[in-house]
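Protein chains in written order, with our numbering: chain A, 7 to 124; chain X, 203 to 350. All C-beta atoms, glycine included, are put in the ideal place defined by N, C-alpha and C.
As C-alpha cells, then:
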C-alpha cells in the first residue's frame with residue numbers, strides 16, 4: 007500500500023518534470039505541453055505501453071493529462087472491435103466522458119458563482 | 203564590436219537565468235503530491251464504495267476536477283500554478299483549471315459570449331489533438347489487427 011503511494015508520487019512527479027523541462031528549456035507554452043502530452047499518451051497506448059505504466063504507478067499515470075490520450079484510444083479500440091472503423095468514432099469519448107462532462111459542469115458553475123480574481 | 207551573431211550571446215549574461223533545477227524540483231513535488239491525492243481518492247473509492255481498480259478512475263478524475271474548479275474559483279490554483287509551473291499544469295487538475303479560469307476571466311462579457319464561448323480557449327487544443335492522435339493511432343492499430 008505504501009509503495010503504491012510512493013510510485014504514484016515518483017512517476018507523477020517525473021512526468022511533471024518532463025513538462026517543466028519542455029517549458030523552461032524548449033520554451034513551449036503550457037498549451038503546447040499539454041497537447042504534446044495527450045498525443046504522447048495516445049501513441050504510448052498504441053504500443054500497449056501506457057497500461058504497463060498504470061499497472062506500476064497507479065494514479066501517478068492516471069492523473070497526468072497523458073492518461074487522457076490513453077483513455078481516448080482505449081474507448082475507440084473497444085468499439086472498433088465490435089463495429090469496425092466507425093467504432094473508433096463511436097467509442098473515442100466513451101471513457102473520457104466523465105472527465106470532460108464534469109470539467110464543463112464544474113467550470114461553468116464556478117464561473118457563475120465566483121468573481122474573477124486579479 | 204557587436205554584430206547580429208554575437209548580440210544574442212552578449213546579452214545572455216544579463217538575462218535572468220531560468221532556475222531549471224529549482225523549477226523542476228517544485229514541479230516534481232507538487233505534481234507528485236497531486237498524484238498522491240489521486241491515489242488516495244482511488245483507494246477510497248475502491249475500499250468504501252465498491253469500485254474496481256479499473257472503474258475507480260472515473261470518480262477519481264471527477265473528484266479531482268471538482269476540487270480544482272473550486273480552488274480556481276477561490277484563486278488558489280492559479281497561485282499554485284505560479285509556484286509549481288508544470289507540476290500543476292500537467293495533471294488533469296490543470297485541464298480543469300484551464301477551463302474554469304478561462305470561463306471566469308471572460309465572465310464580464312456575458313454567460314453565452316463570455317463564459318461558454320471562451321471555456322475551451324486553452325483546453326480545446328488538448329481535446330483536438332487528443333482526438334486526432336487517438337483517431338490516427340486507432341486506425342493504424344485496427345488495420346494492423348485486421349491484416350496481420
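query, result
"Which parts of the segment 228–289 of chain X are runs of the alpha helix (DSSP H), unbroken and 4 residues or longer, counting only runs that do not cross its ends?", "259–275 and 278–286"
"State yes or no: is the C-beta of residue 75(A) within less than 8 Å of the C-beta of residue 44(A)?", "yes"
"Opposite residue 70(A) in the DSSP bridges: which residues?", "293(X)"
"Give a yes or no on whether the minimum CB-CB distance between residue 57(A) and chain X is below 8 Å.", "no"
"Would you report the Cα separation of residue 225(X) and residue 11(A), rounded to the nearest angstrom?", "23 Å"
"Run down chain A in chain order and give the residues with a C-beta less than 7 Å from the C-beta of residue 307(X).", "122"
"What residue does the alpha helix (DSSP H) around residue 58(A) start on, and which one ends it?", "55–63"
"Only counting the same chain, and skipping five residues up and downstream in sequence, which positions put a Cβ closer than 8 Å to that of residue 266(X)?", "236, 239, 240, 243, 293, 294, 295 and 298"
"I need the straight-line Cα distance from residue 105(A) to residue 211(X), nearest angstrom please.", "46 Å"
"Could you name the residues of chain X that residue 92(A) contacts, counting a contact when the two beta carbons are closer than 7 Å?", "Residues of chain X passing the Cβ test: none, with the nearest at roughly 11 Å."
"Checking contacts by CB at 8 Å: is residue 282(X) closer than that to chain A?", "no"
"Once you ignore the five residues that flank residue 73(A) on each side, which residues in its own chain have a CB closer than 8 Å to its CB?", "47, 56, 60 and 67"
"Give the C-beta separation of residue 93(A) and residue 85(A) to the nearest angstrom, bearing in mind that I take them to be a contact with Cβ-Cβ under 8 Å.", "4 Å"
"How would you list, in chain order, the residues of chain X whose beta-carbon sits under 8 Å from the beta-carbon of residue 21(A)?", "233 and 292"
"If you run the structure through DSSP and keep just helix, strand and coil, what is residue 26(A)?", "helix"
"Which residues of chain A have a Cβ atom closer than 7 Å to the Cβ of residue 333(X), listed in chain order?", "78 and 98"
"Report yes if the CB atom of residue 229(X) is closer than 8 Å to the CB atom of residue 289(X), and no otherwise.", "yes"
"Identify the contact partners of residue 11(A) in chain X, using a Cβ-Cβ distance below 8 Å as the criterion.", "238, 241 and 242"
"Which residues in chain X sit within 9 Å of residue 62(A), going by Cβ to Cβ distance?", "None at all; the shortest Cβ gap to chain X is about 13 Å."
"Determine the burial state of residue 102(A): buried for a count of at least 16 other Cβ atoms within 10 Å of its Cβ, exposed for fewer.", "buried"
"Would you kindly check if the distance between the Cβ of residue 116(A) and the Cβ of residue 302(X) is under 8 Å?", "yes"
"By Cβ distance below 8 Å, which residues in the same chain neighbour residue 13(A) in space, the five residues on each side in sequence not counted?", "62, 63, 64 and 66"
"Residues of the segment 19–45 of chain A with a CB closer than 9 Å to any CB of chain X: list them in chain order, please.", "19, 20, 21, 22, 23, 24, 25, 26, 27, 28, 29, 30, 31, 36, 37, 38, 39, 40, 41, 42, 43, 44 and 45"
"Nearest CA to the CA of residue 80(A): which residue from 98(A), 18(A), 88(A) and 53(A)?", "98(A)"
"Which first and last residues belong to the alpha helix (DSSP H) in which residue 206(X) is found?", "206–214"
"Answer yes or no: do residue 336(X) and residue 321(X) have a C-beta to C-beta separation smaller than 8 Å?", "no"
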